[in-house]
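Colleague:
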Amino acid sequence: MLDYLTASIAFWMTLFGVQESLLEFRLGYLGRYWFLAISASLLLSFLLSAPITITLIIKFAVDPFTFPGNLILSGIAAAIFGVILTLAQWLILRQTQMTPRVFAPINTVIGILVYFLLVWLNEGSLEWSGNPIQGWKTVIIFLAGGAITGAATGKALDFYCERVEQRLIQLEREREEKERQRRERIERERFEREKLESEILEREILERKIIEREIALEEERKWYEEHGDDNFDYEDEDDDE
0 MLDYLTASIA
10 FWMTLFGVQE
20 SLLEFRLGYL
30 GRYWFLAISA
40 SLLLSFLLSA
50 PITITLIIKF
60 AVDPFTFPGN
70 LILSGIAAAI
80 FGVILTLAQW
90 LILRQTQMTP
100 RVFAPINTVI
110 GILVYFLLVW
120 LNEGSLEWSG
130 NPIQGWKTVI
140 IFLAGGAITG
150 AATGKALDFY
160 CERVEQRLIQ
170 LEREREEKER
180 QRRERIERER
190 FEREKLESEI
200 LEREILERKI
210 IEREIALEEE
220 RKWYEEHGDD
230 NFDYEDEDDD
240 E
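The sequence shown begins at 0 in numbering that gives the first Met the number 0 and counts up by one.
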């Protein structure tokens with residue numbers, strides 16, 4: 000058991016550390032909590048799966064060394080670890096706007112599959128009791144496996160975030176361009192409206208002057224009619240005007 004526990008610590012701690020170093024730039028200050036949050040969730044998963052596993056072994060006589068007992072115990076442990084690890088990653092990723100929510104379960108599934116693959120390949124060198132991993136070669140394999148898996152998944156998320164960030168920048172530029180065009184259209188409509196209002200006002204002023212001129216001529220004609228000025232020529236007056 001000590002060998003398997005040491006192998007899991009070597010794999011998962013390396014994986015989380017590599018991921019944090021790659022994600023800290025994209026996730027900002029949230030990346031600093033990646034290692035701590037997921038390590039805590041890994042410990043919680045172990046504490047939850049251990050009593051279930053022990054209960055199945057003692058009360059239900061499930062053999063952890065033979066099929067299908069080993070498959071059942073591994074499946075239960077993987078399910079518990081997957082749920083807790085996914086929740087921890089999701090709680091961090093949901094705080095950002097440019098990270099895929101699906102990354103949490105994908106990252107967890109990939110980590111679990113790679114870990115079980117390494118356990119299966121190195122099962123001959125692992126022991127349930129005794130030294131913490133009998134051969135250092137096995138330690139290096141689990142460390143390398145965690146580093147490679149963490150680099151691959153972390154870089155995948157980093158690449159995705161970069162593409163999403165570029166897309167967000169492009170959308171912001173398009174939004175600013177649309178806003179600029181909208182302001183220009185409003186300004187142009189305002190200018191045209193003011194120009195039309197000015198033309199209407201000028202016509203009204205001109206019409207008012209014409210009406211006032213006609214009224215003045217009519218009053219002047221009536222005055223001359225009342226005072227009997229025979230020398231007043233209305234047509235000449237109209238022509239002069």
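Virtual Cβ for every residue (Gly too), placed ideally from N, Cα, C.
Keep in mind the model is a prediction, meaning the values are calculated, not measured.
1) With distances taken from CA atoms, which of Asp157, Val17, Leu47, Ser44 is nearest Phe34?
2) For Ile83 and Ile185, I'd like the C-alpha separation in whole angstroms.
3) Can you tell which of Phe115, Glu176, Glu164, Thr95 has the C-alpha that lies nearest to the C-alpha of Phe80?
4) Taking Cβ to Cβ, would you say Gly30 is nearer than 7 Å to Leu22?
5) Mark Leu195 as exposed unless 16 or more other C-beta atoms lie within 10 angstroms of its C-beta, in which case mark it buried.
6) Leaving out the 5 sequence neighbours to the left and right, which residues in its chain are closer than 7 Å to Gly153 when beta-carbon positions are compared?
7) Please identify the residue among Ser38, Ile199, Ser73 whose C-alpha is closest to the C-alpha of Leu112.
8) Work out the CA separation of Leu142 and Phe45 for me, nearest whole Å.
9) Give the secondary structure of Gln94 by DSSP, where H, G and I count as helix, E and B as strand, and everything else as coil.
10) If we count the other Cβ atoms within 10 Å of its Cβ and call it buried at 16 or more, is Ser40 buried or exposed?
11) State buried or exposed for Trp222, treating a residue as buried only when at least 16 other CB atoms are found within 10 Å of its CB.
12) Taking the alpha helix (DSSP H) that Ala143 belongs to, which residues open and close that run?
13) In angstroms with no decimal places, state the Cα-to-Cα distance between Leu4 and Pro50.
14) What three-state label does DSSP hand Phe15 in the structure shown?
15) Could you round the C-beta distance between Leu125 and Ile140 to whole angstroms and report it? I think they count as a contact, below 8 Å.
16) Asp238 to His226, Cα distance in whole Å?
17) Whole angstroms are fine: how far does the CA of Cys160 sit from the CA of Ala151?
18) How many angstroms separate the CA atom of Glu213 from the CA atom of Ile199?
19) If you drop the 5 nearest sequence neighbours on each side, which residues of the same chain put their C-beta closer than 7 Å to that of Gly144?
20) For Asn106, count neighbouring C-beta atoms within 10 Å of its own C-beta (all shown protein chains included) and say buried if the count is 16 or more, exposed if not.
21) Please report the Cβ distance between Ser241 and Ala87, rounded to the nearest whole angstrom; I am assuming they are in contact, meaning their Cβ atoms lie under 8 Å.
22) Do you know how far the Cα of Arg179 is from the Cα of Glu193?
23) What did DSSP end up calling Asn106 once you bin it into helix, strand or coil?
Modeller: On the basis of the data shown:
1) In the sequence shown, residue 34 corresponds to position 35, counting from 1. The candidate whose alpha carbon is nearest that of Phe34 is Val17.
2) What you label residue 83 is simply residue 84 of the sequence shown in a count that begins at 1. What you label residue 185 is simply residue 186 of the sequence shown in a count that begins at 1. Each residue's Cα considered, the two are about 54 Å apart.
3) Position 81 of the sequence shown, counted from the start, is the residue given in the question as residue 80. The residue with the shortest Cα to Cα distance from Phe80 is Phe115.
4) For the purposes of this step, residue 30 is identified with residue 31 of the sequence shown, where counting begins at 1. For the purposes of this step, residue 22 is identified with residue 23 of the sequence shown, where counting begins at 1. Yes, the Cβ-Cβ distance between Gly30 and Leu22 is below 7 Å.
5) For the purposes of this step, residue 195 is taken as the residue at position 196 of the sequence shown. It counts as exposed.
6) In the sequence shown, counting from the first residue as 1, residue 153 sits at position 154. Scanning its chain for C-beta atoms nearer than 7 Å, with the 5 sequence neighbours on each side dropped, one finds around Gly153 the residues Val17, Gln18, Leu21, Leu22, in chain order.
7) Numbered from 1 along the sequence shown, position 113 holds the residue referred to as residue 112. Looking at Ser38, Ile199, Ser73, the one whose alpha-carbon comes closest to that of Leu112 is Ser73.
8) What you label residue 45 is simply residue 46 of the sequence shown in a count that begins at 1. What you label residue 142 is simply residue 143 of the sequence shown in a count that begins at 1. So the alpha carbons of these two residues sit roughly 20 Å apart.
9) Counting from one through the sequence shown, the residue named residue 94 turns up at place 95. DSSP places Gln94 in coil when its eight states are reduced to three.
10) What you label residue 40 is simply residue 41 of the sequence shown in a count that begins at 1. With 16 or more other Cβ atoms within 10 Å, it is buried.
11) Walking along the sequence shown from the start, residue 222 turns up at place 223. Trp222 is exposed by the Cβ-count criterion.
12) For the purposes of this step, residue 143 is identified with residue 144 of the sequence shown, where counting begins at 1. Ala143 -> alpha helix (DSSP H) spans 135-226.
13) Sequence index remark: in the sequence shown, residue 4 carries index 5 (1-based). Sequence index remark: in the sequence shown, residue 50 carries index 51 (1-based). Near 15 Å, if we compare the C-alpha coordinates of Pro50 and Leu4.
14) Walking along the sequence shown from the start, residue 15 turns up at place 16. Helix.
15) Locating residue 125 in the sequence shown gives position 126, counting from the first residue. Locating residue 140 in the sequence shown gives position 141, counting from the first residue. With 8 Å as the limit, Leu125 and Ile140 do not qualify as a contact, their Cβ atoms being about 11 Å apart.
16) Against the sequence shown, residue 238 aligns to sequence position 239. Against the sequence shown, residue 226 aligns to sequence position 227. Low confidence applies to Asp238: its pLDDT is 49, below 50, so where it sits in the model is not reliable, and the reading given next is rough at best. Asp238 and His226: Cα-Cα distance of roughly 22 Å.
17) Within the sequence shown, residue 151 is the residue found at index 152, counting from 1. Within the sequence shown, residue 160 is the residue found at index 161, counting from 1. Approximately 14 Å between the Cα atoms of the pair.
18) In the sequence shown, the residue the question calls residue 213 occupies position 214. In the sequence shown, the residue the question calls residue 199 occupies position 200. Going by the C-alpha atoms only, they are around 21 Å apart.
19) As a first step, residue 144 is located in the sequence shown; it is residue number 145 there, counting from the start. So the qualifying residues of the chain are Phe10, Val113, Leu117.
20) By 1-based counting over the sequence shown, the position of residue 106 is 107. Its Cβ being crowded by 16 or more others within 10 Å, Asn106 is buried.
21) The question about residue 241 has no answer here: the residues shown for the chain are numbered 0 through 240.
22) As a first step, residue 193 must be located in the sequence shown, where it is residue number 194. As a first step, residue 179 must be located in the sequence shown, where it is residue number 180. Rounded to the nearest angstrom, the gap between the Cα atoms of Glu193 and Arg179 is 21 Å.
23) Position 107 of the sequence shown holds residue 106. It is helical.
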